[in-house]
Structures are given as C-alpha cells and as structure tokens.
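Residue numbers (the numbering used here), protein chains in the order written: chain F, 1 to 113; chain Z, 114 to 226.
Using N, Cα and C, we set each Cβ at its ideal position, and we do this for glycine too.
The structure displayed is predicted, hence computed values, not measured ones.
What follows is a short report on a single structure.
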Amino acid sequence: KAGVTQTPRYLIKTRGQQVTLSCSPISGHRSVSWYQQTPGQGLQFLFEYFSETQRNKGNFPGRFSGRQFSNSRSEMNVSTLELGDSALYLCASTLTGGGQKLFFGSGTQLSVL
Amino acid sequence: DAKTTQPPSMDCAEGRAANLPCNHSTISGNEYVYWYRQIHSQGPQYIIHGLKNNETNEMASLIITEDRKSSTLILPHATLRDTAVYYCIVSRYTTSGTYKYIFGTGTRLKVLA
Chain F
1 KAGVTQTPRY
11 LIKTRGQQVT
21 LSCSPISGHR
31 SVSWYQQTPG
41 QGLQFLFEYF
51 SETQRNKGNF
61 PGRFSGRQFS
71 NSRSEMNVST
81 LELGDSALYL
91 CASTLTGGGQ
101 KLFFGSGTQL
111 SVL
Chain Z
114 DAKTTQPPSM
124 DCAEGRAANL
134 PCNHSTISGN
144 EYVYWYRQIH
154 SQGPQYIIHG
164 LKNNETNEMA
174 SLIITEDRKS
184 STLILPHATL
194 RDTAVYYCIV
204 SRYTTSGTYK
214 YIFGTGTRLK
224 VLA
C-alpha cells in the first residue's frame, strides 16, 4: 500500500506570492491533517479535513487555507507569503481521524525569500 | 489542551536501553499518549501508543505511570539508526467529536557508537 504522498518536495517562493501544496493520503484514508514545522515552534497543527469538510482548525491566520476533494486528496494554500512561513509542511492521514495513529508524508520544504 | 514536556536532548550508548521521559500532567482520562520519531527532514513515524496500561511492540515499550501524568518510552537496545527526535503526543477528544493531537517539542536522542 502506498504511503502518504506530498508534492512538491521542495519549493522556493518570494514574499507576497501564494503557494499550493498537495497531499495524497493512503488509499482508504478519509482524514487528512496538516502541520507546520519550524525550528523555533516545533510541530503546529494547521487544520484537519474529513469527507471534504474542515473539522478542526489551529491558530493560524486566514492566509492559510485548505480543501479536500472527493477522492480524499487535500491541498493547502498560503496566500501573501511572509518570510516566517518558511517551514516544513507535513500532512498526515488516518482512516477516520478518530484518535487513530497518524501516517505522515515526507513533507514539503517551503522557503520564502 | 493537554501539553507534553520532554527533555530537549539525550545521549545513549549503542546497545544500551534508551529511556525517554515525558510529562503530561494535565492529561484527561480519555486522552491517549502517542510516541513518534522523526529522522532529519522526514515525516514523523509512529512508534507506539497507550491509554493507561503499559504497551510493548516490536519497536519499543511504553510505560505509563498509574496517575497517567507521565510516561517513558523505552528502546531496549538502541542502535545508531535510532538517532532521531522523539515526540510525545497527547490526542485530545474535543467537544466537536474529533481528535486533536498536541505535540511537544521533542527529545533529540543521539545514539553513540
């Protein structure tokens, strides 16, 4: 069974641009959650989607948004990029998100210049 | 939200047991403790989880104190490949009927030859 796939693996953007990251969960998994990881703040929860609906949201500004498609694939978008958005963005999938173990992708390393 | 506290770093000799502590003094009765590890720039990998009983699998053992306020992850015979950042996580059941995963800042374990 293929694991969680995130694309692209690396991305370089400049301030003010926007970016879209993609996550394909493990086949059959319906819950996808997103995390931001920085050296200073560690792993921080962004949001979780289940059956195309956002179920949980972390404390991030509205510039961070996401969506989930009917095939459970998910995208997250960051608009008006700031230098502080440079981070490793991880997505994780579970069957239903009900307290089950998370399966993580390898992440997208975003650098904002 | 339940929080976790871990020592920032630890060293362990190869072949010896690595004991990684975690404090989760604000944990509630229905919150699980999960352990993940992350090798440089990859997604976190699941190790083990538990509610109140001690658990063991092929990778590690998890010892949870009777009051559930702390736990210890034990890698019985550490190898160089166990060098990673280890995260102790609490999964919290929310009033909306979903789970949130609260990550600590992790312990950087270095296994020494």
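1) Is any beta-carbon of chain F found at less than 8 Å from that of Gly219 of chain Z?
2) Does the pairing of the segment 184 to 204 of chain Z with the segment 139 to 154 of chain Z give three or more beta-carbon distances under 8 Å?
3) Between the C-alpha atoms of Gly163 of chain Z and Ser174 of chain Z, what's the straight-line distance to the nearest angstrom?
4) Measure the C-alpha to C-alpha separation of Asn136 of chain Z and Tyr200 of chain Z and round it to an integer number of angstroms.
5) Taking 6 Å as the limit between beta carbons, can you name the residues of its chain near Asn77 of chain F, skipping five residues before and five after?
6) DSSP on Asp93 of chain Z, reduced to helix/strand/coil?
7) Is it buried or exposed, Glu144 of chain Z, if we count other Cβ atoms within 10 angstroms and call 16 or more buried?
8) Indicate the three-state DSSP secondary structure (helix, strand or coil) for Leu64 of chain Z in the structure shown.
9) In terms of DSSP beta bridges, what is Val112 of chain F paired with?
10) State buried or exposed for Gln18 of chain F, treating a residue as buried only when at least 16 other CB atoms are found within 10 Å of its CB.
Concretely, from the data shown:
1) yes
2) yes
3) 10 Å
4) 12 Å
5) Thr20, Ser65
6) One cannot answer for residue 93 of chain Z here, as it falls past the ends of chain Z, which runs 114 to 226.
7) buried
8) Given a span of 114 to 226 for chain Z in the structure shown, any question on residue 64 of chain Z remains unanswerable.
9) F:Lys13
10) exposed
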